[in-house]
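Residue numbers (my numbering): 60 to 396.
These notes concern the structure reproduced below.
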Ligand code: PMP
């Protein structure tokens, strides 16, 4: 470990050391300006350059076409659980489909019920306790739905989509919470109407939430939509309607530069597969000593949940001994990460 500890936390998560060092070197005097970027106007030329560069690199990494708007938002991915139905449903009585594959998509569904007639198109809860995904033709899609929502990687349950279902609703919109596998691999953005993610897992510190929204879906928010939750507010103002989380956006920009320098997302995916493979191979070769409950075909490259066969006391001992070795094992009470 570069810094004496292996941080396995899902988020806030490890940032590249070179990013932290660059931020440190620029912290007090940002690029000769005599000020920290934290102290500057978000409308000044330095921050303007920083947010534009961050967006350009973000677009380059995922090949985001200009039919999509990139929005830097506040409020975490949790706020998008409300913003998505508020922006995509014309009224709270409009149906929306949710594929519930773990605790995060369940939270998204429950929030969306306040602003849409959301229903569960498939749930992995009863059968297998969120360890699988359905064959896509088993998803009971409502043709009248305004969108189909998925969580592309369930952070707690470790279930990751390897392909994406075709939305069979009248609008053809697929919306995805990509918080925990955003920028971990190439994704065909054109399959989605809306992608959103809190930054703090893969692309920066907490405080900024990134949304990639197809332009034609912007501007139809429900009349009750708070101004801060309306995609149009932020699209019309290049994410500068109010004071954005400037420092967080700047750090994301440094991470995007780093990802490009690593060779882009195909290379990043290769590294992630290698790292996750070390863990899954160890679990699978342990003869049942370590147990990963997730179906092999949907195992996450980002979050590798496992238990110990002997349960409680063994797990406590494992965690204590891992800590001594500099391994930050995150013990996750269900529902919080
Ligand atoms: N969705 C997923 C998949 C997550 O992992 C998290 C955070 N752990 C959230 C949503 C909530 O994100 P935030 O804390 O940015 O609101």
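For each residue, glycine too, the CB sits at the ideal point set by N, CA and C.
* At what residue ranges does the stretch 193-222 contain a whole run of the alpha helix (DSSP H), taking only runs of 4 or more? -> Counting only runs of 4 or more, we get nothing.
* **Range of the contiguous beta strand (DSSP E) that encloses residue 468** => Within the shown structure, residues of the chain are numbered from 60 to 396, placing residue 468 beyond reach of any answer.
* To do: Could you tell me whether the Cβ atoms of residue 207 and residue 240 are closer together than 9 angstroms?
  => With respect to residue 240, residue 207 sits apart: the two C-beta atoms are not nearer than 9 angstroms.
* Asked: So, are the CB atoms of residue 287 and residue 134 less than 9 angstroms apart?
  -> The answer is yes: Cβ separation under 9 angstroms.
* What are the partner residues of residue 156, as DSSP defines its beta bridges? -> Residue 156 pairs with 178, 207.
* Asked: Which of the three DSSP states, helix, strand or coil, is assigned to residue 394?
  -> In this prediction, residue 394 has a pLDDT of 42, which is less than 50 and means its spatial position is unreliable; nothing more can be read from the coordinates.
* Asked: Can you name the residues that DSSP bridges to residue 131?
  -> DSSP output for residue 131 lists 269 as bridge partner(s).
* Whole-angstrom Cβ separation of residue 307 and residue 263, contact assumed at under 8 angstroms? -> At roughly 6 angstroms, the Cβ-Cβ gap stays under 8 angstroms, so residue 307 and residue 263 are in contact.
* Asked: Which residue's Cα is closest to the Cα of residue 143: 184, 358, 254?
  -> Considering only alpha carbons, the answer is 254.
* To do: With a threshold of 8 angstroms, establish whether the CB of residue 84 neighbours any heavy atom of the ligand PMP.
  => No.
* To do: Report the rounded CA-to-CA distance for residue 396 versus residue 89, giving the unit in angstroms.
  => The predicted position of residue 396 is uncertain, since its pLDDT is 42 and thus under 50; no value can be drawn from it.
* Return the first residue and the last residue of the beta strand (DSSP E) that residue 255 is part of. => Counting along the chain, the beta strand (DSSP E) containing residue 255 begins and ends at 253-257.
* To do: Mind reading off the beta-carbon distance from residue 138 to residue 273? Whole number of angstroms is fine, and I expect it under 8 angstroms.
  => Contact between residue 138 and residue 273 is ruled out by a C-beta separation of about 19 angstroms, above the 8 angstroms threshold.
* **Bridge partner(s) assigned by DSSP for residue 366** => DSSP lists 350 as partners of residue 366.
* Can the beta-carbon of residue 71 be found less than 9 angstroms from the beta-carbon of residue 244? -> Cβ distance not < 9 angstroms, so residue 71 and residue 244 don't count as in contact.
* Contact set for residue 113: own chain, Cβ-Cβ below 7 angstroms, skip 5 residues either direction -> In chain order, 308, 311, 312, 315 place their CB closer than 7 angstroms to the CB of residue 113, counting only its own chain and leaving out the 5 sequence neighbours on each side.
* Integer-rounded CB distance, given that residue 277 should sit under 8 angstroms from residue 128 -> Right, the Cβ-Cβ distance comes to about 6 angstroms (below 8 angstroms), so this counts as a contact.
* **Beta-carbon proximity of residue 384 to residue 218, cut-off 9 angstroms** => The Cβ atoms of residue 384 and residue 218 lie no closer than 9 angstroms to each other.
* Asked: Relative to the ligand PMP, is the shortest distance from any of its heavy atoms to the C-beta of residue 213 smaller than 8 angstroms?
  -> Under cutoff, so the answer is yes.
* Can the beta-carbon of residue 76 be found closer than 9 angstroms to that of residue 323? -> No. Outside cutoff.
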